[in-house]
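K.L.:
Protein sequences, first through last, are from chains A, B, C and D. Numbering of the first sequence is given in my numbering, commencing with residue 1 and proceeding in unit increments. Numbering of the second sequence is given in my numbering, commencing with residue 1001 and proceeding in unit increments. Numbering of the third sequence is given in my numbering, commencing with residue 2001 and proceeding in unit increments. Numbering of the fourth sequence is given in my numbering, commencing with residue 3001 and proceeding in unit increments. Yeah, the Cβ is synthetic: ideal placement off N, Cα and C, and Gly gets one too.
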Amino acid sequence: MSKKTYRQAINEALRQEMERDERVIIMGEDIAGGLGSPGEQDAWGGPLGVTKGLMPKFGRDRVLDTPITESGFIGAAVGAAATGLRPVAELMFVDFFGVCFDQIFNQAAKFKYMFGGKAVTPVVIRTMYGAGFRAASQHSQCLYPVFTHIPGLKVALPSNPYEAKGLLIQSIRDDDPVIFFEHKAMYDLEGEVPDEPYAIPFGEANVTREGDDATIIAFGRMVNFANDVADKLSKQGISCTVVDPRTTSPLDTETILETAAETGRVVVVDEAHPRCNMATDVAALIAQDAFDKLKAPIKMVTAPHCPVPFSPALEDLYIPGPDKIEAAVRAVVGKAH
Amino acid sequence: MSKKTYRQAINEALRQEMERDERVIIMGEDIAGGLGSPGEQDAWGGPLGVTKGLMPKFGRDRVLDTPITESGFIGAAVGAAATGLRPVAELMFVDFFGVCFDQIFNQAAKFKYMFGGKAVTPVVIRTMYGAGFRAASQHSQCLYPVFTHIPGLKVALPSNPYEAKGLLIQSIRDDDPVIFFEHKAMYDLEGEVPDEPYAIPFGEANVTREGDDATIIAFGRMVNFANDVADKLSKQGISCTVVDPRTTSPLDTETILETAAETGRVVVVDEAHPRCNMATDVAALIAQDAFDKLKAPIKMVTAPHCPVPFSPALEDLYIPGPDKIEAAVRAVVGKAH
Amino acid sequence: MQLSRDDLLQAYRRMRLIREFEDAVHDEFSAGNIPGFVHLYAGEEASAVGFCMHLDERDAIASTHRGHGHCIAKGCDERAMMFEIFGKKDGLCGGKGGSMHIADLSKGMMGANGIVGGGPPLICGAALSAKTLKTGGVAIAFVGDGGSNQGTTFESYNLAKVWNLPAIFVIEDNGYAETTSSSWSVAGSQVDRGKGFGMPAVQVDGSDFFAVWEVAREAIERARGGGGPSLVHVKCMRYYGHFEGDAATYKAPDEVARYKATKDPLMLFRQRVTEAGLLDGQALDAIDREAKARIEQCVAEAKAAPLPTEKDLLTDVYTSPY
Amino acid sequence: MQLSRDDLLQAYRRMRLIREFEDAVHDEFSAGNIPGFVHLYAGEEASAVGFCMHLDERDAIASTHRGHGHCIAKGCDERAMMFEIFGKKDGLCGGKGGSMHIADLSKGMMGANGIVGGGPPLICGAALSAKTLKTGGVAIAFVGDGGSNQGTTFESYNLAKVWNLPAIFVIEDNGYAETTSSSWSVAGSQVDRGKGFGMPAVQVDGSDFFAVWEVAREAIERARGGGGPSLVHVKCMRYYGHFEGDAATYKAPDEVARYKATKDPLMLFRQRVTEAGLLDGQALDAIDREAKARIEQCVAEAKAAPLPTEKDLLTDVYTSPY
Ligand SMILES: Cc1ncc(C[n+]2csc(CCOP(=O)(O)OP(=O)(O)O)c2C)c(N)n1
Ligand SMILES: Cc1ncc(C[n+]2csc(CCOP(=O)(O)OP(=O)(O)O)c2C)c(N)n1
Ligand SMILES: [Mg+2]
Ligand SMILES: [Mg+2]
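Structural data, given as structure tokens:
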């Protein structure tokens, strides 16, 4: 166990799984870097350095730089997964899914079903998401609700370094296509991470705080905001349960329904665009299956219905931050507090 | 006013708008047909004959057949819309959006915002959706929840020929990118359709049945099932309100909340995959903003979380049909009935 | 000529089986016994068989929406295929895929594909597996003339070349994408496009099994030997409509009939091998009869077979726990 | 030579303005005054200006993530651009777009684009508008060597050709896509690819403004005259890292310095016009001084300018009622 960043945790998971299983290969644009160039090789290790050091260790046959052809190489990862390899492909920013989604949602996700069960497609797609980087509308989206919508895909949203390592190892060992979402604003976040490999099972939520007054269900980076709010409010006599579902597909509906029922007051926090997102998904689930336990309207805290703006002055307003979460919790617990 | 099919209504809307405005052009794969071929021209008028007759009337300069390059021609429609035309592009099946979504969601949807308001992109994308055609996993999806998720897009889901004509005319006259969803199982559905052009404003739901016991909110083809169920149940003493939101983005939240509040018992019917879909979107909205009026858990009736199967024996079980809607209504109205 | 007598019999048997299969599906569809979108391969048999004759279990192919021929050529079980097309539980894909998704990964057949241009990236992956796992395998993407314009196809050319993959792109140019002529939709030429990506590229007459077999041999040997990808442009003719139900009015009235009379690949094969004294007509007649009987039996059994049931609806979505 | 003295002054002014703009943005980014992903065009000026000199308000261009140079060359206001890059309310895009989405449709500049390969389809659309509305306009997509491998780019080549659009594809090959050499990532050659789609295609030295200007003239005249699309492969060099913050260690240590010393497009322009006696050094020096002062002023004003506020967050999402 030692302190590692989210970036290091991901790198370590990749390294350990590549050591364990020769069939694990990784590919993506500049995940090593310098290919064909006269200068430094492994020059980048991915645009934010997440895969740095893997090419020198495993060689270019297992760490494949690609041309800028997401349909081509993500489709290749899918095809390779269906024929014996266990590829981890990097879709640099999830915002780029629009040029290659077919290979993910119509091919990888559906092979098993369309082929009557006779396909196994253990492909992982690692991808960056989220706002806060001043990266503007086409490099800041969440989009995991879209992947969650598709049967046949699994979707992991690690909220800290520990989750990142364990969920990525599970993603690689899992026999289904997994989309692994890395929040770009968390790469430098530190946390305790065991040195040995470990897998966190999918569909098992993590209850990060326990409380009586309200239940906050939050996703990805938002879990950290929710924890902060819970800690702050607990000093003010409002105690909150915080649930990190860890994966949106499968979703741990049991824990969500139980913790919602316990307090009867629910806030769902989702950084994604507000329509047909995880906030609505979870709120609807509760309104259907834990309705009788609810003591107050469910509150959703999400980004507004607009593209992500560039200007820091606007982007800071765009992100569903701790203030908005706190206000929502205060609203559901009501005057009493 | 005369009886027309859904297919005819769409064809008529296109024809009348092309007559009205020279800037309206249409494009797509085989929307006329026979290009470069020795035989019949306008051979198909689209794979299901929806655009038949438009090329002979308006010529190949305004009715453009395309190669099979959805990114290319849908992007061209977007670019043309930003530079003075009002293109209506056909994405044959919405299932194909995975090869071209970037031009829709990162380009068309975001131009206005990214460019600080200084862009107008009046593009319409007509597309076929839905199950029931024995067309299997890659030609039967709904996917409108994905488009609804994206700020900057508008999404229309006409439920019958009257709605189809009016909503398509509005789509074409609207200055924003509109995705117009045509259910492939409705093309032969007949209904009364005025001969003259008319536009149905976006974001105004249509209440197709009024009742006291439950509110059914349904989308697209499902509106017809909901109407049938309401008619059947009304004979058995259960009276339902049925709401057809007509557009999912914008969504008429006011009518939804009002009609939900009136009965306090809500069923939402969505043919789409169940996660992060319109059923969750509307259920969550109500659980947040009309919670105090609810008398029973909200029920969602959707397709199950699996790809659309080919075999008719399975596809019939897949579709959320009248039986499942009826059962849900009976469940929310409870023992009383 | 390096085709043995057995090879020749095998080639003819496969082509005839495809033809009978497609004719039978056409009849059954016309009679209302088969639902959905069904695209038939009749007329193009020499392409699938000319390539797949060189392949074995190490090798993979990806097909198109017009996939029955590639399936049979790659050794899929025609009986299970027929069951599949009828949507039956014991179909090759449990009735879940149907004609447009017919597949058998255990045979290296990675699927018909409902997405035009869906196959080429997958084939880069299969070729990458072969290269990485050093199986000696190659991978072939069959692509239509229409599919040759899809961006995914071009990306795959480039990827296969820069990764030096054992991949082959076979453009089956039957002159039409739905109703649209390839003489209009394809700017430049297939061969020049291939060369633009630095790949060896040739055109071949798809009515001539032997010509196809020969260019296939070269491309596949090159790939197996580490020489990288190639492109082959096969000119051919589809005999039925784009999908079942299409009257193909966009074609010249006598286009198909003339081709059948003068260039049918099975007819030309028969002519060639009998004239050269390699096989006699009786052996071929026997194959014709067997193939017909076999397919009739497949249809009869498929019709009688049970449908999948409710408990099949939600299986096969995931492999690991969900 | 058909460039007047005014044209020459204008060309040099535009190139110098781009260079000053980029140098200033580099300094401000390094000082921590500019956030986000910023990609600089310094070194490639002759390409943007060599093409855009032939364009007027009928014409449209689509750019890449590296868009400042194309903006300035197409006549966007450099002051509003600088405001935009600082995220200010009076920026060219109200501060909502930033460097990666800088655009001005009123000037025919259809935007920098955060999506590699995003521009070519849009340009087919602008060219279609020009053709349909008979404006006489042409449309140009600037594409990087990396972007030249994206499927959308190839689809656009084909579409432009089969629709016979007045479109030009300019591949700005600065040798790298991020860290990856175009000598590795681009199979075949740009020119052969263009020809594979039946387009006229040529390569040109992007350090030589006059050479660029000449091939641009030809391609644009052809397009305006109804002769359809062309491809131009411009070889050039970017002086800064891929984005601001990148140390470009993948390049040879002296690669940029040597190019700057021997092939800098502004230096070569100056040499050429002074040696030929077309302009004197003083006129060019004056432009240098003006450009520098102008950009300094833009930066100073941008820094002092107000930010957008909460009421700007939800505007500009839709045009018609929502
Ligand atoms: C991405 C995508 N676009 C469009 C279609 C609809 N479609 C199915 S087959 C076809 C024509 C294909 O033509 P070609 O590639 O020449 O194959 P052929 O049918 O001639 O065998 C089209 C347009 C599709 N299935 N997928
Ligand atoms: C679809 C997509 N894939 C990847 C990226 C990430 N990316 C941004 S710029 C770039 C390199 C582009 O190289 P090139 O086209 O040569 O342009 P240059 O940066 O050299 O001007 C990459 C990979 C992106 N923005 N969009
Ligand atoms: Mg074809
Ligand atoms: Mg480059």
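1. Would you kindly check if the distance between the Cβ of S1311(B) and the Cβ of Y113(A) is under 9 Å?
2. In the structure shown, what three-state DSSP assignment does M1300(B) receive?
3. Could you tell me which residues DSSP pairs with A3031(D) in its beta bridges?
4. Using 9 Å as the limit for Cβ to Cβ distance, is G237(A) near chain D?
5. Could one say the Cβ of D3145(D) lies closer than 9 Å to chain B's Cβ atoms, at least one of them?
6. Looking at chain D, is there any beta carbon in it that lies within less than 9 Å of the beta carbon of V99(A)?
7. Is any heavy atom of ligand 2 found at a distance shorter than 8 Å from the C-beta of D244(A)?
8. Can you tell me where the beta strand (DSSP E) with V2202(C) in it begins and where it stops?
9. Have a look at A2276(C) and I2287(C) and give me their C-alpha separation to the nearest angstrom.
10. Pull the bridge partners of A3167(D) from the DSSP assignment, please.
11. Shorter than 9 Å from the beta carbon of T3309(D) to some beta carbon of chain B?
12. If you measure from the beta carbon of V3162(D) to each beta carbon in chain C, is any gap under 9 Å?
13. Quick one: which chain A residues come within Cβ less than 7 Å of T1302(B)?
14. Answer yes or no: do P151(A) and A272(A) have a C-beta to C-beta separation smaller than 9 Å?
15. If you measure from each CB to the nearest heavy atom of ligand 4 and keep those under 6 Å, what residues do you get, in chain order?
16. What residues in the stretch 51 to 63 of chain A have a beta carbon less than 8 Å from any beta carbon of chain D?
17. Along chain A, which residues have their Cβ under 7 Å away from the Cβ of G1152(B)?
18. Between the stretch 2066 to 2085 of chain C and the stretch 2103 to 2121 of chain C, can you find at least three pairs of beta-carbon atoms closer than 8 Å?
19. For ligand 5, I want to know if F202(A) counts as a neighbour, meaning its beta carbon is within less than 8 Å of at least one of the ligand's heavy atoms.
20. Taking the Cβ atom as the reference point for each residue, do A366(A) and G2067(C) lie within a distance shorter than 9 Å?
21. Using 9 Å as the threshold, is the C-beta distance between A226(A) and I216(A) below it?
22. Could you confirm whether any beta carbon from chain B is found closer than 9 Å to the beta carbon of Y3240(D)?
23. Decide yes or no for the touch test of the stretch 34 to 48 of chain A against the stretch 3247 to 3267 of chain D: beta carbon pairs closer than 8 Å, at least 3 of them.
24. I'd like the list of long-range same chain contacts for T3153(D), defined as Cβ closer than 7 Å, with 5 residues on each side in sequence excluded.
25. Three or more beta-carbon pairs under 8 Å between the stretch 88 to 95 of chain A and the stretch 117 to 127 of chain A, yes or no?
26. Helix, strand or coil: which one does DSSP assign to H1183(B)?
27. Using a C-beta cutoff of 9 Å, does L91(A) count as contacting chain D?
28. With a threshold of 8 Å (Cβ to nearest heavy atom), would E1090(B) be considered close to ligand 3?
29. Which of the three DSSP states, helix, strand or coil, is assigned to L91(A)?
30. Along the alpha helix (DSSP H) that carries V333(A), what are the first and last residues, could you check?
31. Quick check on R3258(D) - is its C-beta less than 9 Å from some C-beta in chain C?
32. Does the Cβ-Cβ distance between I3140(D) and D3192(D) come in under 9 Å?
33. Where does the unbroken beta strand (DSSP E) through E29(A) begin, and where does it stop?
34. Measure the C-alpha to C-alpha separation of R275(A) and L143(A) and round it to an integer number of angstroms.
35. DSSP has I286(A) in a bridge; who is on the other side?
36. Starting from H3233(D), trace the beta strand (DSSP E) in both directions and tell me its first and last residue.
P.N.:
Walking through what the data contain:
1. Numbered from 1 along the first sequence, position 113 holds the residue referred to as residue 113(A). Numbered from 1 along the second sequence, position 311 holds the residue referred to as residue 1311(B). No, the Cβ-Cβ distance between Y113(A) and S1311(B) is not below 9 Å.
2. Along the second sequence, one-based indexing puts residue 1300(B) at 300. Strand, per DSSP.
3. Reading the fourth sequence from its first residue, position 31 is the one you call residue 3031(D). BP columns for A3031(D) are empty, so no partner.
4. Here residue 237(A) refers to the residue found at position 237 when the first sequence is read from its first residue. Cβ-Cβ to chain D under 9 Å: no for G237(A).
5. Here residue 3145(D) is taken as the residue at index 145 of the fourth sequence, counted from 1. D3145(D) does not count as touching chain B.
6. Reading the first sequence from its first residue, position 99 is the one you call residue 99(A). Cβ-Cβ to chain D under 9 Å: yes for V99(A).
7. As a first step, residue 244(A) is located in the first sequence; it is residue number 244 there, counting from the start. No, the Cβ of D244(A) stays beyond 8 Å of every heavy atom of ligand 2.
8. Here residue 2202(C) is taken as the residue at index 202 of the third sequence, counted from 1. Looking at the DSSP string, the run of the beta strand (DSSP E) that includes V2202(C) is A2201 to D2205.
9. Here residue 2276(C) refers to the residue found at position 276 of the third sequence. Here residue 2287(C) refers to the residue found at position 287 of the third sequence. So the alpha carbons of these two residues sit roughly 19 Å apart.
10. As a first step, residue 3167(D) must be located in the fourth sequence, where it is residue number 167. For A3167(D), which the question treats as bridged, DSSP gives the partners A3139(D).
11. Looking up residue 3309(D) in the fourth sequence gives position 309. Closer than 9 Å: no.
12. Within the fourth sequence, the letter at position 162 stands for residue 3162(D). So, interface residue.
13. Residue numbering aside, residue 1302(B) sits at position 302 when the second sequence is read from its first letter. In chain order: nothing, as chain A lies at least about 10 Å away.
14. Mapped onto the first sequence, residue 151(A) falls at position 151. Mapped onto the first sequence, residue 272(A) falls at position 272. No, these two residues do not count as a Cβ contact at 9 Å.
15. G3144(D), D3145(D), G3146(D), N3174(D), Y3176(D) and A3177(D)
16. none
17. One-based indexing of the second sequence puts residue 1152(B) at position 152. The contacting residues are P307.
18. yes
19. Among the ligands modelled here, namely ligand 1, ligand 2, ligand 3 and ligand 4, ligand 5 does not occur.
20. Past the boundaries of the shown model lies residue 366(A); chain A is included only from 1 to 337, so the question cannot be answered.
21. Reading the first sequence from its first residue, position 226 is the one you call residue 226(A). Reading the first sequence from its first residue, position 216 is the one you call residue 216(A). A contact, by the Cβ cut-off of 9 Å.
22. For this step, residue 3240(D) is matched to residue 240 along the fourth sequence. No, Y3240(D) lies away from the interface with chain B (no Cβ there is under 9 Å from its Cβ).
23. yes
24. Here residue 3153(D) refers to the residue found at position 153 when the fourth sequence is read from its first residue. Cβ within range, chain order: G3117, P3120, V3143 and G3147.
25. yes
26. For the purposes of this step, residue 1183(B) is taken as residue 183 along the second sequence, with counting starting at 1. Of the three classes helix, strand and coil, the one that applies to H1183(B) here is strand, per DSSP.
27. Locating residue 91(A) in the first sequence gives position 91, where the first residue counts as 1. Chain D contact via Cβ: absent.
28. Residue numbering aside, residue 1090(B) sits at position 90 when the second sequence is read from its first letter. No.
29. If you number the first sequence from 1, residue 91(A) lands on position 91. Correct three-state label for L91(A): strand.
30. As a first step, residue 333(A) must be located in the first sequence, where it is residue number 333. Where V333(A) is concerned, the enclosing alpha helix (DSSP H) stretches over P322 to V333.
31. Along the fourth sequence, read from residue 1 onward, the residue named residue 3258(D) stands at position 258. For R3258(D), the answer is no, since every Cβ of chain C falls outside 9 Å of its Cβ.
32. Within the fourth sequence, numbered from 1, the residue matching residue 3140(D) stands at position 140. Within the fourth sequence, numbered from 1, the residue matching residue 3192(D) stands at position 192. For I3140(D) and D3192(D), no; Cβs fall outside 9 Å.
33. Mapped onto the first sequence, residue 29(A) falls at position 29. Where E29(A) is concerned, there is no enclosing beta strand (DSSP E), given that its DSSP letter is neither H nor E.
34. Here residue 275(A) corresponds to residue number 275 of the first sequence, with the count starting at 1. Here residue 143(A) corresponds to residue number 143 of the first sequence, with the count starting at 1. Whole-angstrom Cα-Cα distance: 11 Å.
35. Translated into the one-based positions of the first sequence, residue 286(A) becomes position 286. I286(A) pairs with nothing; no bridge assigned.
36. In the fourth sequence, residue 3233(D) corresponds to position 233, counting from 1. H3233(D) -> beta strand (DSSP E) spans S3230 to K3235.
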